[in-house]
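Scroll down for the structure; my scribbles are underneath it.
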Amino acid sequence: MARIESPSGDAPRLDALAEELAAGFRATGATARREPGPAGDHLVIEWPGRDESLPHLLVVGHHDTVWPVGTLADWPVAEHDGRLTGPGVVDMKGGLAVLEGALALLADLEQRPHRSVRLVVVSDEEVGSPDGRRLVERQLRGAAAVLGLEPPHPDGRLKTARRGSTRVRLTVTGREAHAGNDAHDGVSAVDELVDQLVLVRGLAGQPGTELNAGRISGGSRANVVAGRAEAELGLRFSTVEAQRRTLDNLARLTALRPGARVRTEVLSSRPAWPERTGNPLLRHVRLLAAVLGQQLDGAPAGGAGDTNLPGSRGLPTLDGFGAVGAGAHARHEYIRLDQLAPRIALLAALLAVPLPRLRDRGEG
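Sequential numbering of the sequence shown, starting at 0, is according to numbering that gives the first Met the number 0.
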């Protein structure tokens with residue numbers, strides 16, 4: 000999988016990997032269909048359960064990566080000292096491999112999952128799942144619980160909560176003019192954007208909010224007053240309240256210079272998933288791990304993903320069932336090969352064993 004490059008937005012390569020994934024999962028007894036998306040097809044894969052009357056178990060994953068085409072040329076997939084390195088191995092092709100291994104193990108044992116399992120693999124998770132979110136939303140209806148295939152914490156702990164995440168484009172329109180002869184006739188969009196970013200940094204300094212100015216562009220030439228500039232901001236939030244407050248403030252930004260215009264556009268947004276008191280799903284997984292001779296726990300995570308959605312709605316949710324490793328989005332990305340078999344065994348057990356009651360009767 001890692002040798003099939005699949006950057007977000009590259010539909011032909013994402014579709015090629017989708018077909019590879021579908022074939023692998025079909026071999027474990029699944030039905031698989033591709034769902035068209037504007038930047039590459041998504042996948043919806045289903046396995047029948049021993050008791051089809053029970054609500055389904057939903058698993059979410061993605062097959063896009065942050066790595067551009069050509070990364071393999073100078074960073075090939077390689078094994079060294081018990082580690083597999085390469086673009087996308089931990090985030091999250093390792094997780095997709097773990098699930099395929101778990102279902103293949105059950106098939107080899109002539110076992111089926113206790114209840115039906117549905118897997119949604121989106122092609123745009125790394126850019127906020129702007130289209131894939133609708134598929135996750137659709138499969139949430141009636142789900143007993145949701146599992147995420149993102150990598151766990153580096154020490155193997157599962158992820159029990161996530162911060163909210165929003166991508167915002169801040170666009171400034173000014174007025175072009177000759178920077179030497181007619182500078183007074185121009186309105187610099189770049190200068191306006193710089194001043195707006197100073198204000199935005201102040202907003203992001205509020206409790207529960209973090210800001211990363213990830214991309215800035217604008218202007219055309221040094222001798223032309225810039226007529227347009229924009230920035231793409233990455234915001235993370237500890238609470239739903241911090242997310243709402245900050246986004247409201249961003250939406251109210253107005254130009255500081257006469258003749259300039261400022262526009263704020265939310266590109267994608269994931270709600271904060273707060274920690275759940277007690278967490279019966281985590282307790283169940285810990286017991287299964289103990290039976291398998293594994294010690295396992297969970298902790299909140301800083302990053303956001305598709306499990307934010309069910310987690311924010313109170314559905315029993317756990318993430319981090321992917322391959323154990325570290326370095327997501329970095330050149331030292333790797334997975335630990337000695338942890339693949341234990342992870343596969345844990346996930347196979349979780350799919351095969353009946354779930355306990357995960358919600359109070361009053362929760363539905």
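Idealized CB from N, CA, C, for every residue including glycine.
Nearest to residue i by CA position, among the options, is which residue?
i: V89; options: T253, A1, V58; result: A1
i: L357; options: H283, E149, H79, A241; result: H283
i: G131; options: G277, R256, G8; result: G8
i: F236; options: S311, V261, G277, R33; result: S311
i: G326; options: P86, L169, L286, L95; result: P86
i: I215; options: E4, N278, T170; result: T170
i: A347; options: A96, M91, G233; result: A96
i: T263; options: A228, R342, D181, D63; result: A228
i: W272; options: L336, L345, K92, P299; result: P299
i: R168; options: N278, H331, L252; result: L252
i: G48; options: H61, T30, H62, V59; result: T30
i: V352; options: G304, L280, H328; result: L280
i: G155; options: Q205, Q338, T70, P355; result: Q338
For residue i, which of helix, strand or coil comes out of DSSP?
i: L196; result: helix
i: A245; result: Note on identity: in this sequence residue 245 is Thr, with Ala being the wrong assignment. Helix.
i: S311; result: helix
i: I215; result: strand
i: L291; result: coil
i: P151; result: coil
i: R227; result: strand
i: P279; result: helix
i: G363; result: With a pLDDT of only 44 at G363, under 50, the local geometry of the prediction cannot be trusted, and the value read off the model is given with reservation. If DSSP states are grouped into helix, strand and coil, G363 belongs with coil.
i: D318; result: strand
i: V171; result: strand
Can you check whether the CB of residue j is closer than 8 Å to the CB of residue i?
i: G36; j: D123; result: yes
i: P274; j: A144; result: The displayed chain sequence assigns Glu, not Pro, to residue 274. No.
i: L202; j: N248; result: yes
i: V119; j: V135; result: yes
i: V65; j: E125; result: yes
i: E314; j: G297; result: Reading off the sequence shown, one finds Leu at residue 314, where the question assumed Glu. No; because the gap between Cβ atoms is not below 8 Å, this pair is not in contact.
i: L266; j: R166; result: yes
i: L336; j: L291; result: no
Around the C-beta of residue i, are 16 or more other C-beta atoms found within 10 angstroms, so that it is buried, or is it exposed?
i: G321; result: buried
i: H41; result: buried
i: S52; result: exposed
i: T84; result: buried
i: R32; result: exposed
i: N222; result: exposed
i: R140; result: exposed
i: R200; result: exposed
i: T276; result: exposed
i: N278; result: buried
i: V224; result: buried
Expressed to the nearest angstrom, what Euclidean distance is found between the alpha-carbon atoms of residue i and residue j?
i: L148; j: P75; result: 23 Å
i: P270; j: Q242; result: 8 Å
i: V43; j: E191; result: 45 Å
i: R137; j: G163; result: 20 Å
i: D50; j: R111; result: 10 Å
i: G127; j: T172; result: 26 Å
i: L102; j: G233; result: 36 Å
i: G324; j: Q294; result: 17 Å
Any heavy atom of the ligand COA inside 7 Å of the beta-carbon of residue i?
i: P54; result: For the ligand COA, the structure offers nothing, since it holds no ligand at all.
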